[in-house]
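Residue numbers (the working numbering): 1 to 271.
This is the structure:
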């Protein structure tokens, strides 16, 4: 029997208890405490929906992202020879690109907007990068000038900074990940014409990859070893939630009545 859509400020653990669904620990917002993403994205799933039983694909996406990012930075940090870039291409196309894109598509199935958007975007980035290197190295198309590469990297830095703003209030791990990645893009943009900035961007890229792997393996170990309990922390952020709860005191749940009635009429529950 489906339940009515509860107020967004209710603890997710309480909602899971009411709906009969098991709690899920997800780096991209599915924790046992209420998060701002609950209200703004209003992730609503039918109790009988197949997406409710879909495994969390974000760990796979983060592992693919972290591996490919670290591999590419070998040349930027001068840890490896410049020809390492060509070794990266196969991994950029399939592991960092296709696998991460698939993880993003599975997040769409789970109705997790932020994770789906972020993972799919960076999957597309790695696919585009791999195709670009293949076409330019084969002489099919000419290489872009410095200005074009700098603009491309700066745009990705801006997009990543917007993703960072979305992570505020989720957990410290994601905040550090996206802020570090944004800095990496900006340093690599400057590094197109400055060797020191390029090397610094490489080190930031390795750090970013390490953070991505920490988040991914924290999710895996919490799920496999500790049966979904949060033992390896990602760093909780409580101040945005407290401010939102204070602003909602005396104002009801803050959700338009039309949304509540839609959720109730369709017999849906929040996960």
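Cβ atoms here follow ideal geometry from the backbone N, Cα and C, with glycine treated the same way.
Practice item. Mind listing, in chain order, the continuous alpha helix (DSSP H) runs of no fewer than 4 residues lying wholly within the region 67-105? Key: 84-93
Review point. Ends of the alpha helix (DSSP H) at residue 208?
Key: As a first step, residue 208 is located in the chain shown; it is residue number 208 there, counting from the start. Going by DSSP, residue 208 is part of the alpha helix (DSSP H) stretching over 195-224.
Check your understanding: At what residue ranges does the region 99-138 contain a whole run of the alpha helix (DSSP H), taking only runs of 4 or more?
Key -> For the region 99-138, the full-length alpha helix (DSSP H) segments reaching 4 residues or more read 100-109, 113-137 along the chain.
Review point. Thinking C-beta only, is residue 223 closer than 8 Å to residue 58?
Key: Position 58 of the chain shown, counting from 1, holds the residue named residue 58. Position 223 of the chain shown, counting from 1, holds the residue named residue 223. No, these two residues do not count as a Cβ contact at 8 Å.
Check your understanding: At what residues does the alpha helix (DSSP H) containing residue 173 begin and finish?
Key -> Your numbering for residue 173 matches position 173 in the chain shown. Run containing residue 173: 172-191, per the alpha helix (DSSP H) assignment.
Check your understanding: Can you give the Cα-Cα distance for residue 126 and residue 63, rounded to whole angstroms?
Key -> Locating residue 126 in the chain shown gives position 126, where the first residue counts as 1. Locating residue 63 in the chain shown gives position 63, where the first residue counts as 1. Cα to Cα, the separation comes out at about 14 Å.
Practice item. With a cut-off of 8 Å on the beta carbons, I'd call residue 173 and residue 235 a contact; round off their distance for me. Key: The residue you call residue 173 lines up with position 173 of the chain shown. The residue you call residue 235 lines up with position 235 of the chain shown. 6 Å between Cβ atoms; contact.
**Study point:** Element boundaries [alpha helix (DSSP H), containing residue 160]
**Key:** The residue you call residue 160 lines up with position 160 of the chain shown. From DSSP, the alpha helix (DSSP H) with residue 160 extends over 146-167.
Review point. Any idea which residues DSSP pairs residue 236 with across the strands?
Key: Taking the chain shown and counting its residues from 1, the one referred to as residue 236 is at position 236. Answer is 171, bridged to residue 236.
Check your understanding: When the distance is taken between beta carbons, is residue 94 closer than 8 Å to residue 67?
Key -> By 1-based counting over the chain shown, the position of residue 67 is 67. By 1-based counting over the chain shown, the position of residue 94 is 94. Not closer than 8 Å, so no.
Point to revise | C-beta contact flag for residue 118 and residue 186 at 8 Å | key: Within the chain shown, numbered from 1, the residue matching residue 118 stands at position 118. Within the chain shown, numbered from 1, the residue matching residue 186 stands at position 186. Taking a C-beta distance under 8 Å as the contact criterion, residue 118 and residue 186 do not qualify as a contact pair.
Exercise for review: With a threshold of 16 other CB atoms inside 10 Å of the CB of residue 191, please say whether the residue is buried or exposed.
Suggested key: Within the chain shown, the letter at position 191 stands for residue 191. Label assigned to residue 191: buried.
Check your understanding: Helix, strand or coil: how does DSSP classify residue 63 here?
Key -> Within the chain shown, numbered from 1, the residue matching residue 63 stands at position 63. Three-state DSSP puts residue 63 in a helix.
Exercise for review: For residue 204, collect the residues of the same chain with a Cβ closer than 7 Å to its Cβ; drop the 5 residues on either side in sequence, then sort them by chain order.
Suggested key: The residue you call residue 204 lines up with position 204 of the chain shown. Result list for residue 204: 180, 183, 184, 187, in chain order.
Point to revise | Within 8 Å, strictly: CB atoms of residue 92 and residue 61 | key: What you label residue 92 is simply residue 92 of the chain shown in a count that begins at 1. What you label residue 61 is simply residue 61 of the chain shown in a count that begins at 1. No, Cβ-Cβ distance for residue 92 and residue 61 is not below 8 Å.
Practice item. Report buried or exposed for residue 233, applying the criterion of at least 16 other Cβ atoms within 10 angstroms of its Cβ. Key: Residue numbering aside, residue 233 sits at position 233 when the chain shown is read from its first letter. Exposed is the call here.
Review point. Excluding sequence positions up to five away, which residues of its chain have a Cβ less than 8 Å from the Cβ of residue 199?
Key: To locate residue 199, count along the chain shown from 1; it is residue 199. If we look at residue 199 and ignore the five residues flanking it on each side, its Cβ neighbours are 76, 77, 78, 191.
Practice item. Flag this pair as yes or no: are the beta carbons of residue 121 and residue 105 separated by less than 8 Å? Key: What you label residue 121 is simply residue 121 of the chain shown in a count that begins at 1. What you label residue 105 is simply residue 105 of the chain shown in a count that begins at 1. Going by C-beta atoms, residue 121 is not nearer than 8 Å to residue 105.
Exercise for review: Using alpha carbons as the reference points, say which of 215, 89, 193, 206 lies closest to residue 147.
Suggested key: Looking up residue 147 in the chain shown gives position 147. Minimum Cα distance to residue 147 is reached at 193.
Practice item. Indicate whether at least one CB of chain C lies closer than 8 Å to the CB of residue 101. Key: The chain inventory of the structure shown lacks chain C, comprising one protein chain alone.
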